[in-house]
Amino acid sequence: QNVGLLLEKSGERMDASIPEGMIVSQDPPESSRLKRNRKVRVLVSLGKEVLRVPELVGQPARRAEIGLRQSGLKLGQIAYVTSSTSEADRILAQEPPPGSQRIREGAVDLLVSRGDRPKVWVMPDVEGRDLTSVTRLFSRAGLRVTNVRRETGTTGVPSATVIQQAPPAGFPLREGDSISLTVSAEAENG
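The opening residue of the sequence shown carries number 142 in this note's numbering; numbering runs sequentially from there.
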């Protein structure tokens with residue numbers, strides 16, 4: 142007004158570097174020559190875009206990551222813990238909490254369940270026992286006998302008796318681990 146020009150607000154936009162209410166840009170640019178009573182259009186800053194953090198607890202971690210991106214936020218750090226009360230890959234906690242405000246591209250940290258702590262057994266010594274009872278024992282524990290090799294020439298050892306095992310006795314086993322056994326076989330008559 143002091144120089145005889147008119148100020149016209151042409152719009153507003155979020156701008157993280159320019160505080161709210163300040164001018165982001167103008168048209169025509171600074172130092173342009175204008176006649177009196179001409180308009181100078183300005184774009185005004187709304188400041189940093191503030192977003193509301195969504196509720197993520199209980200969701201699968203992958204779905205939460207996609208939801209964060211769609212809402213203008215990003216995934217921060219992820220920590221994993223075992224949990225007997227939550228299935229694997231479920232979000233147990235988040236920081237900041239739901240409803241908090243974050244600027245666009247602000248990070249949200251997650252605590253994610255690995256599920257229940259895996260069961261662990263100690264490999265027993267099964268050498269000298271029959272294959273059927275050993276297989277049944279492992280099956281009840283959730284362990285798998287994946288490789289059974291039959292070996293001939295074991296004189297004096299009843300057929301289908303375990304003569305070698307892998308892993309060895311005393312080795313820690315987790316549910317789903319594989320076990321290999323070598324058992325005695327009757328010599329083929331030829």
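The C-beta atom is built at its ideal place from N, Cα and C for all residues, glycine as well. None of these values were measured; they are calculated from a predicted model.
Opposite residue i in the DSSP bridges: which residues?
{"i": "D250", "result": "E236"}
{"i": "N288", "result": "S321"}
{"i": "P259", "result": "Paired residue(s): none; P259 is not in a bridge."}
{"i": "G152", "result": "L184"}
How about residue i and residue j: do their beta carbons lie closer than 8 Å?
{"i": "V286", "j": "L314", "result": "no"}
Check residue i in the structure and name its three-state DSSP category.
{"i": "V275", "result": "helix"}
{"i": "I159", "result": "coil"}
{"i": "Q218", "result": "strand"}
{"i": "G331", "result": "At G331 the pLDDT is 44, less than 50, meaning the model places this residue with poor confidence; the figure from the coordinates comes in the next sentence. Of the three classes helix, strand and coil, the one that applies to G331 here is coil, per DSSP."}
{"i": "A307", "result": "strand"}
{"i": "Q167", "result": "strand"}
{"i": "Q200", "result": "coil"}
Use the C-beta contact count for residue i: other C-beta atoms within 10 angstroms, 16 or more gives buried, fewer gives exposed.
{"i": "S254", "result": "buried"}
{"i": "D318", "result": "buried"}
{"i": "G331", "result": "With a pLDDT of only 44 at G331, under 50, the local geometry of the prediction cannot be trusted, and the value read off the model is given with reservation. Exposed is the call here."}
{"i": "G311", "result": "exposed"}
{"i": "G297", "result": "exposed"}
Is the CB of residue i under 8 Å away from at least one CB in chain B?
{"i": "S319", "result": "Although the question refers to chain B, the structure presented lacks it and comprises just one protein chain."}
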